[in-house]
Each structure stands twice: as C-alpha cells, then as structure tokens.
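Engineer: Sharing a structure here in structure tokens format.
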Amino acid sequence: MRVIGPSGEQFGIMDTREALRLAEEKELDLVLVGPTADPPVAKLMDYGKFRYEQQLAEKEARKKAKRTEVKSIKFRVKIDEHDYQTKLSHIKRFLEEGHKVKVTIMFRGREMSHPELGEKLLSRVAEDLKGLAVVEMKPEILGRDMNMLLAPVAKPVG
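Take any residue in the sequence shown, count from 1 to its spot, add 47: that is its number in my numbering.
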C-alpha cells in the first residue's frame with residue numbers, strides 16, 4: 048500500500064504491517080483513503096480530528112444549503128387599495144428572498160356566495176407580480192378560504 052504522511056509527504060509503497068508500525072511510532076492512525084487505487088492509498092492522520100473536521104464541513108454545507116419556506120399572506124375580499132399595496136410589497140420581499148408565498152383570501156358571511164370576487168383579487172395579485180412570481184397552485188377554495196401558491200421566478204444564470 049502507498050503511504051502518505053500527515054502533511055502530505057510520500058512514504059512510498061510498503062507492507063501493511065510496516066505501515067501500521069510506522070503509524071504507531073508516530074502515534075497516529077492509518078486511514079485507507081483510496082481503497083480502489085492500485086496500490087491502495089493510506090494516510091497517517093489523527094482520525095478523531097479528521098472526523099471532527101469532516102463533521103464541521105458537513106454542518107457548514109447544511110447551513111449554506113438554501114431552505115425555502117412557504118410564507119403566508121392573508122387578504123379579505125373588500126381590501127382597501129393602500130392595504131393591498133402594503134401586502135403586495137410584503138409578497139415581493141418574500142419572493143425576492145426566494146420563499147414561496149401562499150396567498151389566502153378569507154371570506155366572511157355572505158362573501159362566500161361570491162367566490163368570483165376572490166378569484167378576481169387573486170388574479171390581480173398574480174398579474175401585479177408577473178415578473179417576480181409564477182403561479183404554482185391555481186386558486187382553490189378550502190372551507191372559507193381561497194388559496195393560491197406563488198413561487199419565485201428562477202433567476203437567469205450568468
């Protein structure tokens with residue numbers, strides 16, 4: 048097996064017993080890093096430290112992985128223009144951060160007999176966010192609510 052030292056220096060090709068003896072002398076572990084190579088490659092290292100650094104790297108990679116949340120914004124059928132613009136700006140911010148947004152129209156009392164008003168409002172939201180979002184789930188009624196799911200538009204690479 049080919050043996051490599053802790054700082055990358057080559058010890059050359061040696062017998063497994065000889066490599067283990069060398070590892071014991073240096074108070075290190077002999078770790079097989081390239082089992083498919085011919086001859087197999089082993090490295091002298093502190094295995095505990097190696098595992099710790101590997102776990103840190105995995106943790107860092109998980110931290111950097113993008114997590115998309117589904118944010119929720121609720122509207123009423125009879126929403127005032129200023130309130131509409133405020134909620135629209137919240138939706139824009141969520142989409143720019145890369146989150147999906149669930150837009151909910153909440154119906155009260157007799158408003159349920161006019162679902163077309165909710166559809167009209169949701170289509171207005173979708174139209175106002177044309178360049179920022181795509182409709183992932185078309186408007187559908189669930190109980191007294193009408194929901195629509197918006198996803199951010201994929202940014203062009205380059």
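Beta carbons: idealized from backbone N, C-alpha and C, even for Gly.
Under a Cβ-count criterion, where at least 16 other Cβ atoms within 10 Å of its own Cβ denotes burial, should M184 be classed as buried or exposed?
Structural biologist: Flag for M184 reads exposed.
Engineer: Look at the Cβ atom of P149, then the Cβ atom of L196, and state whether they are nearer than 8 Å.
Structural biologist: Rather than Pro, the amino acid found at residue 149 in this sequence is Lys. In this structure, L196 lies closer than 8 Å to K149 by Cβ.
Engineer: Considering only the alpha carbon of each residue, which of P87, T83, E107 lies closest to R49?
Structural biologist: The candidate whose alpha carbon is nearest that of R49 is P87.
Engineer: Measure the C-alpha to C-alpha separation of A108 and Y94 and round it to an integer number of angstroms.
Structural biologist: The alpha-carbon atoms of A108 and Y94 are separated by roughly 21 Å.
Engineer: Looking only at C-alpha atoms, which of L67, I138, G55 sits nearest to A173?
Structural biologist: That would be I138, whose Cα lies nearest to the Cα of A173.
Engineer: Report the start-end ranges of each beta strand (DSSP E) in the segment 170 to 205 that is 3 residues or longer and not cut off at the edges.
Structural biologist: Fully enclosed beta strand (DSSP E) runs of 3 or longer: 180 to 189, 192 to 199.
Engineer: Based on Cα-Cα distance, which residue from R64, F122, A201 lies nearest to K177?
Structural biologist: Measuring from the Cα of K177, the nearest candidate turns out to be A201.
Engineer: Thinking C-alpha only, which one of M92, S160, V117, K118 is nearest E74?
Structural biologist: Ranking M92, S160, V117, K118 by Cα distance to E74 puts M92 first.
Engineer: With DSSP run on the structure shown, which of helix, strand or coil describes F154?
Structural biologist: DSSP places F154 in coil when its eight states are reduced to three.
Engineer: Could you check where the alpha helix (DSSP H) with R123 kicks off and where it finishes?
Structural biologist: That residue, R123, is in no alpha helix (DSSP H); its beta strand (DSSP E) goes 117 to 123.
Engineer: On the DSSP letters alone, give me the boundaries of the beta strand (DSSP E) that D76 sits inside.
Structural biologist: It spans 76 to 81 - the beta strand (DSSP E) in which D76 sits, taken as one unbroken run.
Engineer: Among G81, S170, F58, R140, which has the Cα closest to the Cα of S119?
Structural biologist: The shortest Cα separation from S119 among G81, S170, F58, R140 belongs to R140.
Engineer: Whole angstroms are fine: how far does the CA of L69 sit from the CA of E56?
Structural biologist: Distance between the alpha carbons of E56 and L69: 14 Å.
Engineer: Under a Cβ-count criterion, where at least 16 other Cβ atoms within 10 Å of its own Cβ denotes burial, should K90 be classed as buried or exposed?
Structural biologist: It is buried - the Cβ of K90 has at least 16 other Cβ atoms within 10 Å.
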